[in-house]
Amino acid sequence: MTTILVVEDEHRLLRALQLTLRANGYTVIAAPTGSSALATLAEGPVDALVLDLGLPDMDGVEIIRAVRSGTQTPILVLSARHASAQKVGALDAGADDYVTKPFGLDELLARLRALLRRGPAGTQEDLVEAAGFTLNFAARRAEKQGTSIKLTPTEWKILEVLTRQPGRLVPHRQVLEQVWGPAYVKETQYLRVYIAQLRRKLEADPARPKHLITEPGLGYRFDP
1 MTTILVVEDE
11 HRLLRALQLT
21 LRANGYTVIA
31 APTGSSALAT
41 LAEGPVDALV
51 LDLGLPDMDG
61 VEIIRAVRSG
71 TQTPILVLSA
81 RHASAQKVGA
91 LDAGADDYVT
101 KPFGLDELLA
111 RLRALLRRGP
121 AGTQEDLVEA
131 AGFTLNFAAR
141 RAEKQGTSIK
151 LTPTEWKILE
161 VLTRQPGRLV
171 PHRQVLEQVW
181 GPAYVKETQY
191 LRVYIAQLRR
201 KLEADPARPK
211 HLITEPGLGY
221 RFDP
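If you want it as structure tokens, here you go:
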């Protein structure tokens, strides 16, 4: 059975999540604090993590970073934080999707199913080489002309989607859904910001990109 670790300190919500997930065929492990969640993860892997950001002992973003330091386990964030910057911060730390409280349990189940269908990242070729830079997805290492380049978890996810289909147009909607989740398919501004960052880091001339190509109004294409 699929095992979900639910990290939530609000007792009634935690109970509702446990009952709902179990009724839908999941095995549930509950953790009311960040430290208990990390202790559970240290004992063995889970199939997905449902994580509240506002925990009593630590910020949920710290947990996301800790998880991402060693695994690509899908992470679905639950939070009462509505500000766009806070959402982007959690996603950039490595979360896969973000649900704002209050939310419907049906919506949460749909988001979780989508994450589990996609599974962990890294199913494309481990090593992608382009003129001027290389991407090692297995080791999470990027180099440009022999110099190491630091990429955020979200930037890696975008590159994973684009490099799976070299030379082919990848629609905005597809990238947004696979990187941020179904609720973000209209948030094209997210992509514009991150593609601009990636061009600055990887392209020889970001103003005239040769590898991360925009197809106006449609999406993006990766040309090796």
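In the UniProt record's numbering, the protein residues as written are 1 to 224. Positions of the beta carbon are idealized from the N, C-alpha and C atoms, including for glycine.
For P153, the uninterrupted alpha helix (DSSP H) segment begins and ends at 153–163.
By the Cβ criterion, the region 27–42 is in contact with the region 7–18, since at least three pairs of Cβ atoms, one from each stretch, lie closer than 8 Å. Per the coordinates, the alpha-carbon of M1 lies some 21 Å from the alpha-carbon of E107. Runs of the alpha helix (DSSP H) lying entirely within the UniProt domain "Response regulatory" (3–116) and spanning at least 4 residues, in chain order: 11–23, 34–43, 60–68, 84–93.
With 16 or more other Cβ atoms from the protein chains shown falling within 10 Å of its own Cβ, H172 counts as buried. Close CB contacts of M58 within its chain, under the 6 Å cut and outside five residues either way in sequence, are with G34 (chain order).
In the structure shown, K150 adopts coil according to DSSP, grouped into three states. Each residue's CA atom was taken as its position, placing R15 and F133 some 49 Å apart. Per the DSSP secondary-structure output, F222 pairs in a beta bridge with L212. Contact between the region 95–102 and the region 66–79 is present: 3 or more CB-CB pairs across the two stretches fall below 8 Å. The alpha-carbon separation between P182 and G60 amounts to approximately 22 Å. Counting other Cβ atoms within 10 Å of its Cβ, D126 stays below 16 and is therefore classed as exposed. In this structure, the alpha-carbon of R117 lies about 14 Å from that of Q72. Less than 9 Å separates the beta-carbon of T3 from that of T27. Beta-carbon to beta-carbon, L198 and E187 are separated by about 17 Å, too far to satisfy the 8 Å threshold.
Listed in chain order, the non-local C-beta contacts of V185 below 7 Å within the same chain comprise R173, L176, E177, local neighbours out to five positions each way being set aside. By alpha-carbon distance to T147, the top candidate from L202, V179, E155, L109 is L202. T154 and A42 have their C-alpha atoms some 24 Å from each other. With respect to L55, I63 sits close: the two C-beta atoms are nearer than 9 Å. A straight line joining the alpha-carbon of L151 with that of A142 spans about 7 Å.
With respect to the 9 Å criterion, A48 and P74 are classified as neighbours on the basis of their beta carbons.
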